[in-house]
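Chains A and B are the protein sequences, given in the same order.
Numbering-wise, my numbering puts 250 at position 250 of the first sequence, and it's gapless, one number per residue.
Numbering-wise, my numbering comes out as the position in the second sequence, counting from 1, plus 316.
Contents: one structure, followed by commentary.
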Amino acid sequence: MMRECWLGIDVGSISTKGVIIDENNKIIATSYLWTEGNPMEAVKKVINNLEQKLLEKNSVVVGVGVTGSARKLIGSMVGANMIRNEITAHAIGTLSLFPNVKTILEIGGQDSKIIILEDGVVVDYAMNTLCAAGTGSFLSSQAKRLGVRVEDFGDIALKSDNPARIAARCTVFAESDLVHKTQAGYKKAEIIAGLCDSVVNNYLNNVARGKKIIPPIVFQGGVSKNKGVIRSFEKILNEKVHVDELGHLMGALGIAILSRKTQLKEPFSFNITNEKFETKGHECSNCPNRCEIVGIYKNKELIDVWGNRCEKGVNS
Amino acid sequence: MDKKIITFPQLANYHIPIEFLLTNLVECDVLKSPPITQKTIELGSKHSPEFVCMPFKYNLGNFIESLDLGTNVLLQAGGGCRYGYYAEVQKQILKDLGYKFEFYSITETDKIAIISVYKTLKSLNPKLKFFKYLYYLIITFKMIHYMDKIDIYIRKNIGFEVIPDSFDKLLLEMLDDFKNTTGLFHLNKLYRIYLSRFKKLEINKPNKNLKIGVIGELYTLMEPFSNYDLEKMLAKMNVEVSRYTNVTYLIITKRFNNKKMLKICNKYCKYPIGADGMDNIASAISLALEGYDGLIHIKPFGCTPEIGAMHILNKVSEDYKIPIIYFTFDNQTSIEGIKTRLEAFYDMIKMRRSK
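So, in structure tokens, the structure goes:
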């Protein structure tokens with residue numbers, strides 16, 4: 001008898017994550033790749049990758065869930081039975097591993113959010129609205145400026161006990177502070193530790209403003225891989241911050257669980273990676289709204305359209 | 317000057333009663349400004365001060381599009397915040413752009429003074445008799461009141477309609493008939509007919525559906541284009557929606573409700589905080605007490621009274637254990653971001669409910 005399992009895909013701005021879970025929400029395969037500006041290719045690679053890991057496991061995928069900023073596009077592409085926002089997905093995924101969690105801090109490539117839970121239920125959340133200040137992309141661009149690999153950031157930051165003070169409000173100011181500090185002779189480790197503090201302060205001032213951060217606290221998203229940022233969080237919040245090894249996969253795990261809960265079962269074909277998918281965008285010219293309409297084609301056949309404010313645009 | 321053609325800024329469907337009032341009282345053509353589109357807001361933003369609130373940009377865009385179609389008499393209203401300066405500033409901007417027009421500002425102060433409106437209309441039609449004016453004014457108010465009542469029913473039920481678009485279609489039919497109202501009795505009759513037709517529309521409403529209240533700044537609340545059809549998005553999620561703010565409320569109910577509102581929110585604010593800030597705090601408390609699952613607060617970027625209200629609303633949210641989500645709209649807001657947050661909000665209140 002083939003074992004039933006579910007696929008969850010989280011397509012973020014920077015990375016694409018995929019997990020396969022069994023009927024007990026246990027993860028049986030994972031994949032994590034860079035999106036590199038091409039979500040459809042990235043998803044194909046993730047699916048290929050998972051297929052290989054699944055080969056010997058005698059399993060069949062019966063449901064797919066998609067979350068993340070490209071969820072709509074990828075959802076139509078893979079024929080998902082569950083397409084949901086990343087906030088819900090993260091909460092569900094985290095709860096399955098940390099049933100008592102009260103606060104989820106998440107810093108990803110271009111967005112950051114905070115989720116507050118009470119008795120296993122989301123009661124409040126916030127997401128960055130203004131800009132990508134204090135997110136992963138800020139750290140990676142500063143890493144480039146300093147000539148350091150962003151993966152080494154955490155270890156370098158831990159070498160310094162004397163973080164340089166760097167403005168936390170806005171990346172433009174942070175960057176000029178950073179230039180100033182380097183020219184003033186601060187050591188690289190001090191500056192990098194300062195950057196970690198600045199990301200945390202920025203997050204607490206903007207995203208988490210007015211929210212009560214109560215332990216247990218779980219920290220996730222790509223930036224949670226950075227030990228320097230973890231240390232800054234613990235120092236500033238004065239609380240233990242849990243980081244799970246699977247922290248970056250929580251969205252994918254959550255959406256896989258949600259897909260399992262729909263009860264809609266349909267065998268998923270891994271052949272999808274051989275199909276040809278294309279998107280075509282155009283500006284509708286039927287009225288001055290000029291909606292940007294995007295259609296997705298599977299082997300030249302239209303399977304979904306979006307972006308239109310009214311019905312006129314669909315057929316144009 | 318050539319024949320006078322009069323126009324006024326758009327706000328949801330309220331152009332119908334206003335057009336009705338003007339056609340019956342004023343001796344010139346009435347041309348409603350073209351429907352709001354992306355072009356309207358682009359034109360408006362281009363010629364507006366950058367940090368002015370968004371409704372100003374929409375109104376200005378309406379005026380420019382109408383002037384390009386040949387209108388030459390503009391009507392603008394005013395209110396208790398920056399709205400009070402719209403008329404003056406827009407008049408100057410349009411003059412600087414080289415347009416030729418007459419400009420009338422209907423409300424010179426916060427209160428809609430029946431006499432000053434009469435005087436304004438009289439200058440457009442010297443033969444206008446006061447009693448005729450009063451009669452049509454009453455019909456217009458009545459029409460607005462009926463539209464608002466129907467709207468309240470629609471908001472509560474459209475999320476559960478069985479036949480897609482049945483509510484919207486019937487509403488369009490009703491508005492078409494309202495346009496051709498012949499008098500007070502006719503209008504009353506139309507209202508009764510349509511109300512019973514609306515009540516006959518098939519709905520599939522569960523016993524304990526989710527309920528969301530929308531509060532905030534009046535223009536972004538009432539003009540669906542400016543809030544990306546927020547109420548429609550909520551309807552698609554099968555949610556019952558409530559909002560206190562409508563024109564009936566703003567020009568009539570608000571006047572008599574001030575003391576009551578202050579009493580409701582006296583723990584949080586002791587005096588009105590400008591425009592509808594205090595009203596929204598009181599509405600939030602009332603909705604929380606009525607057992608609503610969540611509130612959505614919306615405002616245009618830079619709306620001072622509502623920014624003041626937001627901090628108090630945070631406290632209300634804590635004290636009454638009701639989640640509130642805040643949206644700020646400007647001419648460049650990605651609809652995907654709004655959809656994501658709205659969907660998460662919906663998931664959250666649903667989870668809270670099942671707790």
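Beta carbons: idealized from backbone N, C-alpha and C, even for Gly.
Q) When DSSP labels each residue in this structure, what does Tyr32 (chain A) get in the three-state scheme? A) strand
**Message:** I'd like to confirm the pairing. Which residues does DSSP put opposite Lys280 (chain A) in its beta bridges?
**Reply:** A:Gly295
Same chain, Cβ closer than 7 Å to Val672 (chain B), five either side skipped, listed in chain order
Absent from the structure is residue 672 (chain B), since the part of chain B shown begins at 317 and ends at 671.
Using only the alpha-carbon positions, how far apart do Gly65 (chain A) and Cys581 (chain B) sit?
44 Å
Would Ile107 (chain A) and Leu146 (chain A) qualify as a contact pair, given that the criterion is a beta-carbon distance under 8 Å?
Judged by beta-carbon spacing, Leu146 (chain A) lies beyond the 8 Å limit of Ile107 (chain A), meaning their Cβ atoms are not closer than that value.
Does Val46 (chain A) get closer than 8 Å to chain B when you measure Cβ to Cβ?
So, not an interface residue.
Practice item. Pull out every residue of the region 616 to 643 of chain B whose Cβ sits closer than 7 Å to any Cβ of chain A, in chain order. Key: Asn630 and Pro639
With DSSP as the reference, label Phe324 (chain B) as helix, strand or coil. coil
Taking all protein chains shown into account, decide if Tyr507 (chain B) is buried (16 or more other Cβ within 10 angstroms of its Cβ) or exposed. A residue is called buried when at least 16 other Cβ atoms come within 10 angstroms of its Cβ; Tyr507 (chain B) meets this threshold and is buried.
Q) Asn289 (chain A) versus chain B: which residues are under 7 Å apart at the beta carbon? A) Thr353 and Gln354
Which one of A:Tyr297, A:Cys310, A:Phe277 and A:Gly281 has the shortest CA to CA distance from Glu41 (chain A)? A:Phe277
Identify the residues that DSSP records as bridge partners of Lys17 (chain A): which are they?
Answer is A:Asp10 and A:Tyr32, bridged to Lys17 (chain A).
Assign Gln406 (chain B) to one of three DSSP states: helix, strand, or coil. In the three-state DSSP reduction, Gln406 (chain B) falls in the helix class (H, G or I).
| message | Could you compute how far the alpha carbon of Val346 (chain B) sits from the alpha carbon of Tyr469 (chain B)? | response | Each residue's alpha carbon lies about 30 Å from the other.
Cα-Cα separation between Ile230 (chain A) and Ala208 (chain A), rounded to whole angstroms:
16 Å
Using a Cβ-Cβ cut-off of less than 7 Å, list which residues of the region 99 to 127 of chain A approach chain B; keep chain order.
-> Asp119, Val121, Val122, Val123, Asp124, Tyr125 and Met127
Point to revise | Contact under 8 Å by Cβ, Thr94 (chain A) with Ile87 (chain A) | key: no
If distances are taken between C-alpha atoms only, which option among A:Gly79, A:Val46 and A:Val150 comes closest to Gly12 (chain A)?
A:Val46
inquiry  = 8 Å is my cut-off, CB to CB: does Asn206 (chain A) come that close to chain B?
reply    = Not closer than 8 Å to any Cβ of chain B, the Cβ of Asn206 (chain A) fails to qualify, so no.
Check: Taking just the CA atoms, how far does Asn574 (chain B) sit from Cys196 (chain A)?
Finding: 50 Å
- prompt: Over what stretch of residues does the alpha helix (DSSP H) that includes Gly75 (chain A) continue unbroken?
  reply: Arg71 to Val78
**Prompt:** Are Ile422 (chain B) and Asn473 (chain B) closer than 8 Å when you measure CB to CB?
**Reply:** no
Under 7 Å between beta-carbons, which chain B residues line up against Asn85 (chain A)? List them in chain order, please.
Thr656, Glu659 and Ala660
Exercise for review: Go ahead and pull the three-state DSSP assignment for Cys5 (chain A).
Suggested key: strand
**Message:** Any beta carbon from chain A within less than 8 Å of Met664 (chain B)'s own beta carbon?
**Reply:** yes
Under a CB-based cut-off of 8 Å, is Thr35 (chain A) close to chain B? Not a single CB atom of chain B sits nearer than 8 Å to the CB of Thr35 (chain A).
The beta strand (DSSP E) spanning Pro616 (chain B) covers which residue range?
Gly610 to Pro616
Next on the checklist: By the three-class DSSP mapping on this structure, what secondary structure does Val46 (chain A) have?
Outcome noted: helix
- In the structure shown, what three-state DSSP assignment does Ser512 (chain B) receive? DSSP places Ser512 (chain B) in helix when its eight states are reduced to three.
* On a CA-only basis, which of B:Val389, B:Asn340 and B:Ile409 is nearest Ser361 (chain B)? Give me that one, please. => B:Ile409
Point to revise | chain A within 8 Å of Lys671 (chain B), Cβ atoms only | key: yes
*For Tyr587 (chain B) and Lys188 (chain A), the rounded distance between their alpha carbons*: 54 Å
Return the chain-ordered list of same chain residues with a C-beta closer than 8 Å to the C-beta of Lys102 (chain A), the five sequence neighbours on each side being excluded. Non-local beta-carbon contacts of Lys102 (chain A) in its own chain, meaning distances under 8 Å to residues more than five positions away in sequence, involve Ile116, Leu117, Glu118, Ile214, Pro215, Pro216 and Ile217 in chain order.
For Ala184 (chain A), count neighbouring C-beta atoms within 10 Å of its own C-beta (all shown protein chains included) and say buried if the count is 16 or more, exposed if not.
With fewer than 16 other Cβ atoms inside 10 Å of its own Cβ, Ala184 (chain A) counts as exposed.
- Task: Can you tell me which of the three DSSP states Gln220 (chain A) falls into?
- Result: strand
**Request:** From the DSSP output, in three-state form, read off Ala660 (chain B) for me.
**Result:** helix
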